[in-house]
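Asks: When you line the sequence shown up against the working numbering, it's residues 3 to 115, in that order. Every residue gets a Cβ at the ideal spot worked out from N, C-alpha and C, and that includes glycine. Quantities reported herein were computed from a predicted structural model and do not represent experimental measurements.
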Amino acid sequence: MRGSIIRAIAYGDVAAADVLRITQINPNSYQLRRQNPDLWTIDEISQLATALGHETNTLKPIRQLTLLLQLLPNSKQKEVHQRAQLTRRKLLVRQANCNNWKVWELQQIADVL
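1. Less than 8 Å separating the beta-carbons of N101 and D45?
2. Roughly how many angstroms lie between the CA atoms of Q109 and L50, to the nearest whole one?
3. Heavy atom of the ligand NAP less than 7 Å from the Cβ of S6, yes or no?
4. Could you check what DSSP says for N99 in three-state terms: helix, strand or coil?
5. If we require 4 or more residues per run, which alpha helix (DSSP H) segments fall completely within the stretch 16–61?
6. What residues in its chain sit with their C-beta under 7 Å from that of T52, if we drop five residues either side in the sequence?
7. As a quick exercise: from A86, K104 and Q26, pick the residue whose alpha carbon is nearest that of V114.
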């Protein structure tokens, strides 16, 4: 879903003014996100998805990911932590605010699982 939202923005399916209004980011932040799509936060993607009529159910597990990772067997947890370079401190930060997840971390977690 993230990819389809970013493509819609890149191809001009959504006007820049609409993106700014929906996400409430400033024009400079918008330009930075266009140059580096990894900067889009989970909340911004969720807001855009809702505005474009996409389902946002796939984002719910990301909000609870740190708790879900704790349910894994210890060996799998260790593998996930090593692969995504996650420390306890990073997990606490991401648990407090899911927007702190990095795209590459989520990709590494998905690869392990």
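Replies: Taking the geometry as given:
1. Going by beta carbons, N101 and D45 fall inside the 8 Å limit.
2. 21 Å
3. With respect to the ligand NAP, the structure offers nothing, as it holds no ligand at all.
4. coil
5. 18–25, 29–37 and 44–54
6. T58
7. Selected option, being the one with the closest Cα: A86.
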